[in-house]
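Asks: I'd like to ask you about the structure that follows.
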Amino acid sequence: MSTVLAGHGLTKKYGSTTALHGVDVEVAARESLAIMGPSGSGKSTLLHTLAGVVRPDGGEVLLHGERIDNLGENRLSDLRRKRFGFVFQFGQLLPELPAEENIALPLMLDGLPRGRSVSLARRWFAPLGLDGLEKRRPGQLSGGQAQRVAIARALVVQPDVVFADEPTGALDQATSEEVIRLLTSVTREQGASLVMVTHDPDVAAHCDRVLQVRDGRITSHQQYTVRP
Numbered sequence: 113m114s115t116v117l118a119g120h121g122l123t124k125k126y127g128s129t130t131a132l133h134g135v136d137v138e139v140a141a142r143e144s145l146a147i148m149g150p151s152g153s154g155k156s157t158l159l160h161t162l163a164g165v166v167r168p169d170g171g172e173v174l175l176h177g178e179r180i181d182n183l184g185e186n187r188l189s190d191l192r193r194k195r196f197g198f199v200f201q202f203g204q205l206l207p208e209l210p211a212e213e214n215i216a217l218p219l220m221l222d223g224l225p226r227g228r229s230v231s232l233a234r235r236w237f238a239p240l241g242l243d244g245l246e247k248r249r250p251g252q253l254s255g256g257q258a259q260r261v262a263i264a265r266a267l268v269v270q271p272d273v274v275f276a277d278e279p280t281g282a283l284d285q286a287t288s289e290e291v292i293r294l295l296t297s298v299t300r301e302q303g304a305s306l307v308m309v310t311h312d313p314d315v316a317a318h319c320d321r322v323l324q325v326r327d328g329r330i331t332s333h334q335q336y337t338v339r340p
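Counting from 1 along the sequence shown, just add 112 to a position and that's the residue number in my numbering.
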């Protein structure tokens, strides 16, 4: 499969601490990649660097072979909004907006009219088991429902890559299983790649590949059977 996202020789320092030591990583089209490691290992720094949230001090990040880490801030922000989707541990939904508008928000921020944005957002309710929740605000949703709304928000822009930082970290085991199955399957069905940080080996096992990171270096990786 073709490479969608790549990091070559990624180095990142915070003061006297080196968070990444010349890391190389590639993500194929429609592949799901889990990044694991102990606290402070550099796993979140690696995800944020690949996502263009953090700029590397050395090395380069490429999307479809084009370097992105050296883009100006406005162009990089535009790229993140249009080409990447994000799912966070606590959803980060806007509490004053109903579910349908939370999902539609990236489209509205990109200039699409509200009516059209909400119409496109509503298409995600049935596939993600959210029927009937269109008008509910985040405070009226369960943890699992809120994360499914966050997944829909990440996918509504039809991104090349979805980045997920501990997407099941605040959920119980049964809900985690449900959410991670949806995240990996729907992302793949939409033709996007998934890069996910998790501390949970059961969650990581749903991905095609798992990287272990320690002290800013990739120490091992495990390849699972890639689904067709």
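Cβ coordinates follow ideal geometry from the N, Cα and C atoms, glycine included.
Only a predicted model underlies this, so the values are computations on that prediction, with no experimental measurement involved.
Whose CA, out of Q259, T129, G170, lies closest to the CA of L283?
Replies: Numbered from its first residue, the sequence shown carries residue 283 at position 171. Closest option to L283, Cα to Cα, is Q259.
Asks: For I292, report the span of its alpha helix (DSSP H) as first-last.
Replies: Position 180 of the sequence shown, counted from the start, is the residue given in the question as residue 292. Element bounds for I292: 285 to 301.
Asks: Within the present structure, is the beta-carbon of V135 separated from the nearest heavy atom of the ligand FAD by less than 7 Å?
Replies: Among the components of this structure there are no ligands whatsoever, and the ligand FAD is therefore not found.
Asks: Kindly indicate which three-state DSSP category T161 falls into: helix, strand or coil?
Replies: Along the sequence shown, read from residue 1 onward, the residue named residue 161 stands at position 49. Here T161 sits in helix by DSSP.
Asks: For F200, write down the residues that DSSP places opposite it in a beta bridge.
Replies: For the purposes of this step, residue 200 is taken as residue 88 along the sequence shown, with counting starting at 1. None, per the DSSP bridge assignment.
Asks: Looking at G121 and G171, is the spacing between their C-beta atoms short of 8 Å?
Replies: Your numbering for residue 171 matches position 59 in the sequence shown. Your numbering for residue 121 matches position 9 in the sequence shown. For G171 and G121, yes; Cβs fall inside 8 Å.
Asks: Is DSSP giving S332 helix, strand or coil here?
Replies: Here residue 332 corresponds to residue number 220 of the sequence shown, with the count starting at 1. Three-state result, S332: strand.
Asks: To which residues of the same chain is A216 closer than 6 Å at the C-beta, ignoring the five residues directly before and after it?
Replies: As a working note, residue 216 is residue 104 in the sequence shown. S229, V230, A233, listed in sequence order.
Asks: In chain order, what residues of the same chain lie with their CB nearer than 7 Å to the CB of D243, ignoring the 5 residues before and after it?
Replies: As a position in the sequence shown, residue 243 is number 131, starting the count at 1. Around D243: F237.
Asks: Roughly how many angstroms separate the alpha carbons of D312 and P150, rounded to a whole number?
Replies: As a position in the sequence shown, residue 312 is number 200, starting the count at 1. As a position in the sequence shown, residue 150 is number 38, starting the count at 1. C-alpha separation (whole angstroms): 11 Å.
Asks: Can you give me the start and stop residues for the beta strand (DSSP E) that S144 sits inside?
Replies: Against the sequence shown, residue 144 aligns to sequence position 32. First-last of the beta strand (DSSP E) with S144: 144 to 148.
Asks: Going straight from the alpha carbon of R326 to that of L219, what length do you get?
Replies: On the sequence shown, position 214 is the one that residue 326 refers to. On the sequence shown, position 107 is the one that residue 219 refers to. Going from the Cα of R326 to the Cα of L219 covers about 37 Å.
Asks: F237 bridges to which residues according to DSSP?
Replies: For the purposes of this step, residue 237 is identified with residue 125 of the sequence shown, where counting begins at 1. According to DSSP, which records beta bridges pairwise, F237 is partnered with nothing at all.
Asks: Would L132 and I147 be called neighbours here (beta carbons separated by less than 8 Å)?
Replies: Here residue 132 is taken as the residue at index 20 of the sequence shown, counted from 1. Here residue 147 is taken as the residue at index 35 of the sequence shown, counted from 1. No, the Cβ-Cβ distance between L132 and I147 is not below 8 Å.
Asks: Check this for me: beta carbons of G174 and L183, under 8 Å apart or not?
Replies: The residue labelled residue 174 in the question sits at position 62 within the sequence shown. The residue labelled residue 183 in the question sits at position 71 within the sequence shown. Checking the sequence, you will find Leu at residue 174 rather than Gly. Not closer than 8 Å, so no.
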